[in-house]
Amino acid sequence: MEASSITKDTVKPTAKEAHLSVRNLNVHILKNHILKNIDIEIPDKSITCIIGPSGCGKSTLLKTFNRLLDKTENVTITGKVLVDNENLYEKDAEVTHIRKKMGLLSQRPCPLPMSIYDNIAFGCKIHGTRNKKKLDEIVEYQLRAVGLWKEVKDRLHVPANKLSIGQQQRLCLARGLAVEPAFILADEATSALDPISSKHIEELFVELKKDYAIVMVTHTLRQALRIADYVVFMYLGEVIEAGPAEQVFKNPRRELTKKYLEGAFS
Amino acid sequence: MRFIEEKIVKLFMIGATALVFVFVASILYTIIARGLPALNWDMITKLPSGGFYIGKEGGVLNAIVGSLYIVGASTVLGLLISIPVVFYINVYLPKDSKLAYIARLSFDILFGIPSIVYGAFAFTIMIYLGLRTSLGGGIIVITLLIIPIFIRSMDEVARQLPRELLDATYSLGATRLETMGVVVRQIAPGIVTATLLSIGRAIGDAAGVMFTAGFSDSIPTSFSQPAATLPLSVFFQLSSPSADVQDRAYASALILTIIVLILSVVGRFVTQKFSKNKI
Ligand SMILES: Nc1ncnc2c1ncn2[C@@H]1O[C@H](COP(=O)(O)OP(=O)(O)OP(=O)(O)O)[C@@H](O)[C@H]1O
Ligand SMILES: [Mg+2]
Numbered sequence: 002m003e004a005s006s007i008t009k010d011t012v013k014p015t016a017k018e019a020h021l022s023v024r025n026l027n028v029h030i031l032k033n034h035i036l037k038n039i040d041i042e043i044p045d046k047s048i049t050c051i052i053g054p055s056g057c058g059k060s061t062l063l064k065t066f067n068r069l070l071d072k073t074e075n076v077t078i079t080g081k082v083l084v085d086n087e088n089l090y091e092k093d094a095e096v097t098h099i100r101k102k103m104g105l106l107s108q109r110p111c112p113l114p115m116s117i118y119d120n121i122a123f124g125c126k127i128h129g130t131r132n133k134k135k136l137d138e139i140v141e142y143q144l145r146a147v148g149l150w151k152e153v154k155d156r157l158h159v160p161a162n163k164l165s166i167g168q169q170q171r172l173c174l175a176r177g178l179a180v181e182p183a184f185i186l187a188d189e190a191t192s193a194l195d196p197i198s199s200k201h202i203e204e205l206f207v208e209l210k211k212d213y214a215i216v217m218v219t220h221t222l223r224q225a226l227r228i229a230d231y232v233v234f235m236y237l238g239e240v241i242e243a244g245p246a247e248q249v250f251k252n253p254r255r256e257l258t259k260k261y262l263e264g265a266f267s
Numbered sequence: 006m007r008f009i010e011e012k013i014v015k016l017f018m019i020g021a022t023a024l025v026f027v028f029v030a031s032i033l034y035t036i037i038a039r040g041l042p043a044l045n046w047d048m049i050t051k052l053p054s055g056g057f058y059i060g061k062e063g064g065v066l067n068a069i070v071g072s073l074y075i076v077g078a079s080t081v082l083g084l085l086i087s088i089p090v091v092f093y094i095n096v097y098l099p100k101d102s103k104l105a106y107i108a109r110l111s112f113d114i115l116f117g118i119p120s121i122v123y124g125a126f127a128f129t130i131m132i133y134l135g136l137r138t139s140l141g142g143g144i145i146v147i148t149l150l151i152i153p154i155f156i157r158s159m160d161e162v163a164r165q166l167p168r169e170l171l172d173a174t175y176s177l178g179a180t181r182l183e184t185m186g187v188v189v190r191q192i193a194p195g196i197v198t199a200t201l202l203s204i205g206r207a208i209g210d211a212a213g214v215m216f217t218a219g220f221s222d223s224i225p226t227s228f229s230q231p232a233a234t235l236p237l238s239v240f241f242q243l244s245s246p247s248a249d250v251q252d253r254a255y256a257s258a259l260i261l262t263i264i265v266l267i268l269s270v271v272g273r274f275v276t277q278k279f280s281k282n283k284i
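If you read the sequences in order, they're chains A and B.
Add 1 to the 1-based position in the first sequence for the numbering used here, that's all there is to it.
Add 5 to the 1-based position in the second sequence for the numbering used here, that's all there is to it.
Here it is in structure tokens:
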């Protein structure tokens, strides 16, 4: 345990401020208007859940936050996404720098084709950390942070895809955290997992929200009910309602939100 | 009844597998039985001599070196051309791209074209340009011959590439180049397999080099000189009326087989090294 406390002090990422606001964001793919006049604020140090029926644009919205949408063919993006008052879509914005601030957790875990150790070290290496000892510490710290250290400490150098799916997902989370992001973006990150692994990730999110702004897309209303601090409800590319979870779930302002929560459609 | 059917099917499978073994064994037996007595140190260290077209004495060093030159150079060239193509159709083009479809179709067609056609095609062009048979010509034809093999077998692996892998790597703040590095690691086993297949095809091909690399009883010192190859050595030695020279054909075939064997063992080893991080 002593070793771990030493590790903690030296490589614990310093908590960052995370401000994200979306101003009048519109996304077209060819002639389809996928996102319509999105205006939301993502609060720091809390979990924001984006909910809404399938195809309403949740994933698309999330992808605009780290500019992964740019690579899609025929896409036009207008409006602003401000991260710490910097517009991501400014002409000369530096994309790799932006992406580094956003940890991504996808639906299916996708470990890099390398060892468990290297999965975490990779991000640090490309951003200039080369010191072996420092890397060791970061790897241990992040594996502990996602509760994976005990399970894998004796096989750090085996290929990451030898792990179970649930473990892989936690490894992907640790990998993202290792580059010291300010946000965690998760797109249905638990939907491919078994209930126990899924619960594990949820608990981690609750733990991690002390230091990060977490934005998650979820299909399970119950999950949103359990862990959301804020809720964004989308429908057909529009944000219908956004606000504190308590208020949206208990007193939805809009008729549509109420119907969706009652399960009238999904 | 179903039990008997299953027995019959099983017998068929065992029989077919056994047949393949018999083929392999009898081929090996023939070249070893006839080639081994004629195989000696001179065979692999000396140039042909002794009158007959491809030599009653001396060895086939000219052909060994010529084959290795051609295979080595065309493998490197083939990789340099194929990897960007595979990247382009799998990473840059969208999944359902028409262009990627057309490209794959073309490579399938090229894959099926026999090597004599490549040889004839290159021969025509060489005549048109006034070039003579040469090492360079052989390298170009063999490169053309193996590019479709390279692309097809690498594409097979690259198509399984999860698109999420790209997103995952980008979202760590990786540049395009760093992301490509990760993709190469992911498809590394595919690249090794493709290389092995291509080398096997390249080193054993006689028809493609016949009119392009030509033949020579010395080792080429520049790309413009003709070069001998092992398959053509075998061919010429076998065509000789002298039984001694014919036996030397089997010795050359044995050398060719041993080279292929060494390359695939090395290849397997490398694959295992690479795939330590896969599967
Ligand atoms: N590359 C694309 N080309 C064309 N249309 C697209 C593309 N990507 C997304 N869309 C469309 O954008 C809309 C929103 O898609 P998105 O994936 O954001 O929905 P979602 O809310 O995440 O749905 P789900 O809950 O099923 O994941 C859909 O109508 C979809 O068809
Ligand atoms: Mg989605």
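Ideal Cβ positions, reconstructed from N, Cα and C, are used throughout, including at glycine.
Reference residue i; option with closest CA among the options
i        : options                               : result
B/ARG206 : B/PRO236, B/GLY142, B/ILE88, B/GLY141 : B/PRO236
B/LEU243 : B/PHE155, B/ALA258, B/GLY20           : B/ALA258
B/TYR175 : A/SER198, A/LEU31, A/PHE123           : A/PHE123
B/ASN45  : B/GLY64, B/PHE28, B/LEU33             : B/GLY64
A/VAL180 : A/THR221, A/THR130, A/ILE202          : A/THR130
B/LEU182 : B/PRO89, B/PHE26, B/LEU261, B/GLY40   : B/PRO89
A/GLY238 : A/SER22, A/LEU62, A/ILE41, A/ASN75    : A/LEU62
B/LEU85  : B/ALA199, B/ARG137, B/ALA233          : B/ALA199
B/ALA163 : B/THR180, B/ARG137, B/TYR97, B/GLY178 : B/TYR97
A/LYS163 : A/GLU141, A/ARG145, A/ASN120          : A/ASN120
Assumed close pair residue i, residue j - CB separation to whole angstroms, cut-off 8 Å
i        : j        : result
A/ALA175 : A/LEU149 : 6 Å
B/VAL81  : B/ILE208 : Not a contact, Cβ separation roughly 14 Å.
B/PHE155 : B/GLY213 : About 15 Å; that fails the 8 Å criterion.
A/ASN20  : A/ASP45  : A quick correction: the sequence has His, not Asn, at residue 20 of chain A. About 6 Å; that satisfies the 8 Å criterion.
A/GLN170 : A/LEU194 : 6 Å
B/ILE196 : B/MET159 : 6 Å
A/SER116 : A/VAL159 : 6 Å
A/ILE43  : A/ALA214 : 6 Å
Segment limits, beta strand (DSSP E) that includes residue i
i        : result
A/CYS50  : 48 to 52
A/TYR236 : 231 to 236
B/MET6   : Note, B/MET6: premise wrong, no beta strand (DSSP E); not H, not E.
A/LYS37  : 33 to 43
B/ILE118 : That residue, B/ILE118, is in no beta strand (DSSP E); it is neither H nor E in DSSP.
B/GLY219 : Run containing B/GLY219: none; DSSP gives neither H nor E here.
A/GLU239 : 239 to 245
Three-state secondary structure (DSSP) of residue i
i        : result
A/ASN27  : strand
A/ASN75  : coil
A/SER6   : In this predicted model, A/SER6 has a pLDDT of only 45, less than 50, meaning its place in the structure is not dependable; the value taken from the coordinates is given anyway. Of the three classes helix, strand and coil, the one that applies to A/SER6 here is helix, per DSSP.
B/ALA232 : coil
A/MET217 : strand
B/ILE224 : coil
A/ASN252 : coil
B/SER203 : helix
A/PRO160 : strand
B/PRO5   : The requested residue 5 of chain B does not occur in the structure, where chain B is confined to residues 6 to 284.
B/LYS283 : Note that B/LYS283 has pLDDT 44, beneath the 50 cutoff, so the model's placement of it is unreliable and the number below is only indicative. Reduced to three states, the DSSP call for B/LYS283 is coil.
B/GLY135 : coil
A/ASN67  : coil
A/LEU89  : coil
B/LYS15  : helix
B/GLU62  : strand
B/LEU259 : helix
A/LEU194 : coil
A/GLY80  : strand
Range covered by the alpha helix (DSSP H) that runs through residue i
i        : result
B/PRO153 : 140 to 163
A/ASP271 : Nothing in the structure corresponds to residue 271 of chain A, since chain A is present only between 2 and 267.
B/GLY83  : 66 to 92
B/GLY213 : 212 to 215
A/MET115 : Run containing A/MET115: none; DSSP gives neither H nor E here.
B/ALA173 : 168 to 175
A/VAL270 : Examination of residue 270 of chain A is not possible in this model, given that chain A is present from 2 through 267 alone.
A/CYS173 : 166 to 179
B/VAL96  : B/VAL96 -> no alpha helix (DSSP H), and no H or E assigned at all.
A/HIS20  : It is not in any alpha helix (DSSP H) - A/HIS20 carries neither H nor E in the DSSP assignment.
A/ARG227 : 222 to 228
Original post:
In chain order, what residues have a CB nearer than 7 Å to some heavy atom of ligand 3?
Top reply: Absence of ligand 3 from the depicted structure is noted, with ligand 1 and ligand 2 being the only ligands included.
**OP:** Evaluate the contact criterion for the stretch 48 to 66 of chain A versus the stretch 232 to 239 of chain A: three or more CB pairs, one atom per stretch, below 8 Å.
**Re:** Inter-segment contact for the stretch 48 to 66 of chain A and the stretch 232 to 239 of chain A is present: three or more beta-carbon pairs are separated by less than 8 Å.
**OP:** Tell me, please, whether the stretch 185 to 196 of chain B touches the stretch 137 to 151 of chain B by the rule of three or more beta-carbon pairs shorter than 8 Å.
**Re:** No, the stretch 185 to 196 of chain B does not touch the stretch 137 to 151 of chain B.
Original post:
Between the stretch 67 to 85 of chain A and the stretch 257 to 266 of chain A, do at least 3 Cβ pairs fall closer than 8 Å?
Top reply: By the Cβ rule, the stretch 67 to 85 of chain A does not count as touching the stretch 257 to 266 of chain A, because fewer than three pairs are nearer than 8 Å.
Subject >> Contact the stretch 162 to 178 of chain B vs the stretch 106 to 124 of chain A: 3+ CB pairs below 8 Å >> reply: Counting Cβ pairs under 8 Å, three or more are found: they touch.
Subject >> Inter-stretch contact (C-beta, 8 Å, three-pair minimum) for the stretch 239 to 254 of chain A and the stretch 70 to 87 of chain A >> reply: Output reads no: the stretch 70 to 87 of chain A does not touch the stretch 239 to 254 of chain A.
**OP:** Inspect the CB distances between the stretch 101 to 117 of chain B and the stretch 256 to 270 of chain B and report whether three or more fall short of 8 Å.
**Re:** The stretch 101 to 117 of chain B is not in contact with the stretch 256 to 270 of chain B.
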